[in-house]
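Below: one structure, written as C-alpha cells.
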Amino acid sequence: MRSIARIKRGQYIAALMGLFFALCCVEQAHAQNAFSEMEFDTTSYYVLTLNDGTQLTGKVIKVTETSLIFSTNSIPSIDIPFENIKKIEEIDSLNIRSDGEYWFPNPSSTRYFLSPTAFTLDRKEGYYQNTYLLFNSVNVGLMDFFSVGGGFEFLSTFGSGISPIFYLTPKIGGKVAKDFRLSGGVLMINADDFWLGTIYTVGTYGNTNDNISVGLSWGFIDGEIADRPIYTLGGTKRISRRVSLLTENYFFPDVEGNNSFHLYGFRFFGSKLSTDLGFLNNSDISDDLGIGVPYVGFAVKF
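Numbering (the working numbering), first residue to last: 4 to 305.
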C-alpha cells in the first residue's frame with residue numbers, strides 16, 4: 004500500500020510540475036507573440052529589460068518573427084530573441100545623453116522644494132511627499148492637465164490641545180508654446196478652524212531637467228485676499244544622473260526691511276524616490292546661522 008501511495012504521490016508531483024512548466028511555456032509564448040506584434044519607431048529610443056535584469060538603451064533596427072534587432076551606443080547591431088526580453092519601454096530622447104547614457108525622467112518635475120513649477124502630473128500619476136517628517140501630502144493627476152493634492156501636519160492631527168492642520172491644493176496647467184508652460188492653482192490651509200493660503204500662477208521655461216520659473220502668488224486669510232502679490236523665482240539644473248541643483252526665491256513687496264527669502268540646495272533621486280536637502284536663508288537669518296535653516300524632505304512617485 005505504501006508503494007502505491009508513493010507512486011500516486013510521485014505522479015501527483017510530476018503532474019504539478021508538468022502543469023507549471025506548461026504555464027511557463029504559455030506565458031513565454033504569449034510574451035513573445037506580444038513583442039512581435041508591437042510597432043516600433045526606428046527613430047525612437049527604447050529601454051529593453053532582459054530576463055536576467057540587464058538593461059539596454061538604444062533603437063530598434065528591425066523586428067523578425069522571433070527576435071529584435073537592436074542598436075546601442077556601443078553595439079551597432081545585436082539580435083535579441085523575444086524569449087530573453089522581459090519588458091520593452093519607449094523613452095523620451097530628452098533623457099538620452101550625448102554619450103548614449105540613459106537618464107531616467109525627473110520624478111519630481113512638478114515642484115522645486117516647496118513652490119510649484121508649471122509642469123503637471125499626467126493622468127493616474129501621483130506622489131507622496133514628506134517635509135521635516137511632520138508635513139505629509141499626496142498629489143494625484145486626475146487628467147493630464149489637472150491634479151489635486153491634500154495633506155496634514157502630524158503633531159496637530161494626532162496631538163492634543165490644537166485643532167488639526169490640513170491643506171488642499173488643486174492645480175491646472177499645460178504647454179502653451181515650445182519649452183514654455185503655464186499653470187495656476189490654490190493652496191488652502193485650514194488651521195484652528197480658519198482658512199488661509201495662496202492663489203498662484205506660474206510660468207516655466209525649459210524641460211523637466213533644466214528650467215526656470217517665474218510666479219505670482221496672492222495670499223488670503225478667511226476670504227480676504229492681499230492687494231499685491233508675492234513674486235517667486237525658481238530654477239533647477241540636473242548636473243548628473245541622480246543629482247539636481249535647486250533654488251526658489253520669494254519676494255514680498257509689502258514687507259518693510261528684509262522682504263525676501265531664499266531656498267537653495269540639492270535633490271538626490273532615483274526613478275521613483277527623491278530626497279531634497281537645502282537651506283532657507285535671507286540676510287537676517289545668515290547673521291545668526293550663516294548658511295541658513297536646514298530643509299529636509301522626500302517624495303515617492305507612484
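Using N, Cα and C, we set each Cβ at its ideal position, and we do this for glycine too. Owing to the predicted nature of the structure, the values given are computational and were not obtained by experimental measurement.
Once you ignore the five residues that flank residue i on each side, which residues in its own chain have a CB closer than 8 Å to its CB?
i	result
I242	L248
I64	T45, I72, F73, S74, S80
V296	F282, L283, N284, I288
Between which two residues does the beta strand (DSSP E) carrying residue i extend?
i	result
S2	One cannot answer for residue 2 here, as it falls past the ends of the chain, which runs 4 to 305.
F264	263–272
V189	183–194
Y130	129–134
D55	Neither: D55 is in no beta strand (DSSP E) and is coded neither H nor E.
F223	213–224
Note down, in chain order, each residue of its chain lying with its Cβ closer than 6 Å to the Cβ of residue i, except the 5 sequence neighbours on either side.
i	result
E128	G144
Y234	F254
T207	T120, A121, R184, N214, S216
I165	S159
Quick one: is residue i buried, meaning 16 or more other Cβ sit within 10 Å of its Cβ, or exposed?
i	result
A32	Confidence in A32 is poor, its pLDDT being 46 and thus under 50, which makes the residue's placement unreliable; the coordinate value appears in the next sentence. Counting Cβ neighbours within 10 Å, A32 comes out exposed, since fewer than 16 surround it.
C27	Bear in mind that the predicted position of C27 carries a pLDDT of just 48, short of 50, making it unreliable; the figure below should be weighed with that in mind. By the neighbour-count rule (16 or more Cβ atoms within 10 Å), C27 is not buried but exposed.
K181	exposed
L22	A caution first: L22 carries a pLDDT of 49, below 50, which makes its placement in the model too unreliable to give a value.
S274	exposed
So the candidates are the options; which of them puts its Cα closest to the Cα of residue i?
i	options	result
T250	D279, D225, T60	D279
G154	I233, W106, T134, S220	T134
L117	K304, H265, D287	H265
S289	V299, S263, F271	S263
G176	T160, I168, R126	R126
L53	K89, S47, P84	K89
G56	S70, I91, S112, S96	I91
A306	K174, Y170, Y267, T204	Here the chain comprises residues numbered 4 to 305, so residue 306 is not present and cannot be evaluated.
V151	T239, G61, L190	L190
Tell me which residues share the same chain as residue i and place their Cβ nearer than 7 Å to its Cβ, disregarding the 5 neighbours each side in the sequence.
i	result
G293	none
E30	Here the model assigns E30 a pLDDT of 48, short of 50, so the residue's position is not dependable, and the following value carries that caveat. Nothing listed; no residue qualifies.
Terminal residues of the continuous alpha helix (DSSP H) containing residue i?
i	result
T310	There is simply no residue 310 to check, as the chain begins at 4 and stops at 305 in what is shown.
S289	286–292
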